[in-house]
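> Residue numbers (our numbering): 1 to 151. Have a look at this one before I ask anything.
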Amino acid sequence: MQQVSELVSELVTTLNLIRNLLYQSPEAKSVAMTSDLSGVLERLWSTCLLHKPLMTASLKLLCVFTAQQNKARLSMVTGGGKGKCVWASSHSNNNSLLHKVLRLAVQGVALLGKRQRRKQPLALMASASGGSGVRATTEGVSLVFSLLSNC
C-alpha cells in the first residue's frame, strides 16, 4: 500500500509539472496534444477516481491544457490525438474523456444535492464505484465546471 501511495504521489507531482509547463504556452500545448495527453489522462481515469490528489491534479491539468486551445478541447472528444471521433466508433459507448468528466460532474452535483437536503457536511464527488474511493471537496466540482467552461 505504501508503494502505491508513493507512485500516486510521484504521478501527482509529474502532472503538476506538466501543468506548469503548459501554462500560457501554445507551443507546449501543441506538443502535449501530439503526445496524446488526453489519451494518457483517459487511460489514467479509473485510477484518478480512486485517489483524490490524482483526480485534482488531472482536472487542473485538463483545465490548463484546454484553456484557449480548440484542438486540445477537441482531443477530449476524439479520444486523444487519434483524430477519429469517439462517437463515430461502434466500440465507444460515449466513453470519451469529456463524457467521463461530464459523468463526474453529474455525480458531484447529485451528491451535493443529497448532502444539502440532509444538512450534512459538504463532501462531493464519490467515485463511480458507488461511494468507495474518492471523496472530493467543492474544489473538485469547481474544477470540473472550470474545465467544462473551456469546452
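The beta-carbon is built from N, C-alpha and C at its ideal position, and this holds for glycine as well. Just so you know, these numbers come straight off a predicted model, no measurement behind them.
1. Return the CA-CA distance between Leu155 and Met55, expressed in angstroms with no decimal places.
2. Report all residues from its chain with a CB closer than 8 Å to the CB of Ile18; omit the five preceding and five following residues, and keep chain order.
3. Does the pairing of the segment 64-71 with the segment 9-25 give three or more beta-carbon distances under 8 Å?
4. Taking 9 Å as the CB-CB limit, is Gln2 close to chain B?
5. Using three-state DSSP, classify Gln68 as helix, strand or coil.
6. Met76 and Ser96 - do their beta-carbons sit closer together than 9 Å?
7. Please check the pair Ser146 and Cys63, which I expect to be a contact at CB under 8 Å, by giving their CB distance rounded to whole angstroms.
8. Using only alpha-carbon positions, find the residue among Leu50, Thr34, Thr78 that is nearest to Val4.
The relevant details are as follows:
1. Any question about residue 155 goes unanswered here, given that the chain covers just 1 to 151.
2. Take Ile18, set aside five residues on each side of it, and the residues of its chain with a beta-carbon closer than 8 Å to its own are Ala32, Leu37, Leu61, in chain order.
3. Note that the segment 64-71 touches the segment 9-25; at least 3 beta-carbon pairs, one per stretch, sit closer than 8 Å.
4. Absent from the structure is chain B; it holds one protein chain and no more.
5. In this structure, Gln68 counts as coil in the three-state DSSP scheme.
6. With a cutoff of 9 Å on beta-carbon distance, Ser96 and Met76 are scored as near each other.
7. 5 Å between Cβ atoms; contact.
8. Ranking the options by Cα distance to Val4, first place goes to Leu50.
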